[in-house]
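Undergrad: For reference, the structure I am asking about is given below.
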Amino acid sequence: MIKGIQSFLRTRGNTILSTMLSCFGINLVTGEQYLSIILPGQTYKQVYAHHQLHPKNLSRTLEDGGTILHPLVPWGIIGAYVMTTLNVGVDYVFFVFLSLVTPIIALFYAYTGFTLQERDEDDQ
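Positions 44 to 167 (the working numbering) are the ones given, in order, by the sequence shown.
Shown next as structure tokens:
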């Protein structure tokens, strides 16, 4: 399955899109924020190196796709906490503006190349 995904990752924008979708998919399936950061981080580390992207691009994408999108999952830890603490239903999702806007901005940056940093020879 990973080899099939890697054939799609010919551009930097597709690589970042795929990373974000993987993070969100793991969030949906497991409801766990930390797994949605760790698993794609290990999976895509070599792909980012192949595209000569600095490791901080991967870190930022994991944050945008894993941590920021986690409140959109009502059965996740943060979603359950928000619904219980504020005594609201699933409708809270429409008020999580940061989680709704951040992926759009991140994908705009990914496909335009704005704010993407190249990898140096010293980076591992």
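Cβ coordinates follow ideal geometry from the N, Cα and C atoms, glycine included.
In this text, all values refer to a predicted model and were calculated from it rather than measured experimentally.
For Leu-143, which three-state DSSP category applies?
TA: helix
Undergrad: Quick check on DSSP: helix, strand or coil for Leu-82?
TA: helix
Undergrad: In the structure shown, what three-state DSSP assignment does Glu-161 receive?
TA: strand
Undergrad: Would you mind listing the alpha helix (DSSP H) stretches within the stretch 67–134 that are 4+ residues and don't spill past its ends, in chain order?
TA: 78–93, 98–105 and 120–129
Undergrad: Applying the 10 Å Cβ sphere with the 16-neighbour rule, what's the burial state of Leu-129?
TA: exposed
Undergrad: Is the beta carbon of Ser-142 sitting closer than 8 Å to the one on Gly-109?
TA: no
Undergrad: Just to confirm, are Ile-111 and Thr-145 a CB contact at a threshold of 8 Å?
TA: Closer than 8 Å, so yes.
Undergrad: Alpha carbon to alpha carbon, what distance is there between Asn-70 and Ala-92?
TA: 25 Å
Undergrad: Out of curiosity, what's the CA-to-CA distance linking Gln-76 and Leu-150?
TA: 20 Å
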